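Below is one structure, written out as structure tokens; the observations come after it.
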Amino acid sequence: MKPGMEHLAGAVDCHVHACPHINARSVDVLEATRDAAAAGLRGIGLMDNFANSSGLAALARRTLGELGVDVFGGLIMEPPAGGVNADAVRIALGYGYAAQDGARFISLPTHHTRHIARQEGRTPQYVEACLEIPVCGELPDPLPEILDLVAAHDVVLNTGHISGTEAVHLVEIARARGVERILVPASHMAVGEVRAIADAGAYAELSFFFISHATQVGLTHVDAEKNMAAPVTLATMHALIHAATPERTVLSGDCGVYVLPPPVEGLREFLLMIESTGFVAEAIRTMVSNNPGHLFKVPGGEH
Ligand SMILES: [Zn+2]
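Quick note on our numbering: the sequence shown kicks off at 8 and runs consecutively.
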């Protein structure tokens, strides 16, 4: 058995890129499901910047349900998927073959945020058209309506790729509107920001992608432009986990891009690296199984 495989038993990788993409993928949805089952994972979440992934997730569950992996999807509100739009959210929440097939997460944009668009050196007009969360006061429409839909359906709000300051404010507002399940991609955030979102009841997501060699390669994410993500050190990840506490941390792979190992292998390597910084097996289980399992309502687990 490879080192670290024991951490994969019962794990939930809520961030897998196995849907079609303009960058080649290392695996498709069915391969990712079979690989996850072979390694003992109990759930994978499909992230797609171009479309609501709930349909592919439902198809994978119907096709490979006997393998025991709960494949779930959701909507990232990027322009090709309908943008920041309450009707697109409504459709995603009901999309599938059966009543329970709908989106289990609704995410703010990943690359069409002003925060990321500026980092990517986009034109002023492009940046202007992207989403920004005001640092204080009310949210612009249609975000209040979207938060109400997320709260009513009790699914996960993923805050997308906004800045730490924006995320802290958004989490406050979302909690006040009744959103119970919040996941904040936090690999690039400051210790104080991560502490604030965890104190407010959200979970900080840390992903293998940002400490991997994928940060050294220009990749196309949503169009022909190639961009590199800023690398994060393992020491920083360790500090961010301590800031959030393992009880409020979710570890994910964010693999699927062709330059990284297949998702299960990427997650195994990530968990070994996190373990090497001093976290015991029980803390790892909390971060890669209990917490994402709870957030995304994945059956099974020890909690
Ligand atoms: Zn991703």
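Each residue gets a CB set at the ideal place from its N, CA and C atoms; glycine is no exception. Note that the structure is a prediction, hence the values are computed from the model and not measured.
Within 10 angstroms of its Cβ, does Y210 collect 16 or more other Cβ (buried), or is it exposed? buried
For the putative contact between A43 and V76, defined by C-beta atoms under 8 Å, what is the C-beta separation to the nearest angstrom? 5 Å
Have a look at Q126 and R69 and give me their C-alpha separation to the nearest angstrom. 40 Å
Can H22 be considered in contact with ligand 1, in the sense that its beta carbon sits closer than 7 Å to one or more heavy atoms? yes
Let me confirm a value: P10 is counted as buried when at least 16 other C-beta atoms fall within 10 Å, else exposed. Which label applies? exposed
Could you tell me if the beta carbon of M54 falls within a distance shorter than 7 Å of some heavy atom in ligand 1? yes
Under 8 Å, do T120 and I169 count as touching if we go by C-beta distance? yes
Mapping DSSP to helix, strand and coil, what is H245? helix
For D42, is the beta carbon positioned less than 7 Å from some heavy atom of ligand 1? no
Could you give the distance in angstroms between the alpha-carbon of L72 and the alpha-carbon of D35? Note that residue 72 corresponds to Gly in the displayed sequence, not to Leu. So the two alpha carbons sit approximately 16 Å from each other.
Decide if L241 is buried, meaning its Cβ has at least 16 other Cβ atoms within 10 Å, or exposed. exposed
What's the C-alpha gap between G308 and I51? 14 Å
Where H176 sits in the DSSP three-state scheme: helix
Hey, is H77 close to ligand 1, as in C-beta under 7 Å from one of its heavy atoms? In the sequence under discussion, the amino acid at residue 77 is Asp, which differs from the His named in the question. No, the beta carbon of D77 sits no closer than 7 Å to any heavy atom of ligand 1.
I think L279 touches D20, with their Cβ atoms under 8 Å apart; what is that distance to the nearest whole Å? About 15 Å; that fails the 8 Å criterion.
Whole-angstrom distance between A46 and I15, CA atom to CA atom: It is worth fixing the name first, because residue 15 is Leu in this sequence and not Ile. One C-alpha to the other measures close to 6 Å.
Using alpha carbons as the reference points, say which of A221, E200, L154 lies closest to L100. L154
Comparing the CB of D261 with every heavy atom of ligand 1, is any distance shorter than 7 Å? yes
In the structure shown, what three-state DSSP assignment does R129 receive? coil
Three-way DSSP call (helix, strand, coil) for P253 in this model: helix
I need the DSSP call for H310, collapsed to helix, strand or coil. Summary for H310: the model assigns pLDDT 43, below 50, so the residue's position carries little reliability; its value from the coordinates is reported in the next sentence. Reduced to three states, the DSSP call for H310 is coil.
Across the region 149-164 and the region 58-69, are there enough close Cβ pairs to call them in contact, namely three or more that are closer than 8 Å? no
Collapsed DSSP secondary structure at N59 in the structure displayed: coil
Runs of alpha helix (DSSP H) wholly within the region 188-276 (minimum 4 residues, chain order): 198-206, 241-251
Identify every residue that forms a DSSP beta bridge with T120. L138
Buried or exposed by the 16-neighbour rule on C-beta atoms within 10 Å, applied to D94: exposed
List the DSSP bridge partners of V78. I51
To the nearest angstrom, how far is the alpha carbon of G62 from that of P116? 19 Å
Between G260 and the rest of its own chain, which residues show a CB-CB distance below 7 Å, the 5 nearest in sequence each way excluded? D20, H22, V23, S214, F215, P270, G273, L274, F277
According to the neighbour-count rule (16 or more other Cβ atoms, all chains shown, within 10 Å of its Cβ), is V163 buried or exposed? buried
Just verifying my parser: in three-state terms, what is the DSSP assignment at H3? Coverage of the chain is limited to positions 8 through 310, which leaves residue 3 absent and any answer about it impossible.
Residue interval of the alpha helix (DSSP H) (run including N297): From DSSP, N297 is part of no alpha helix (DSSP H); its letter is neither H nor E.
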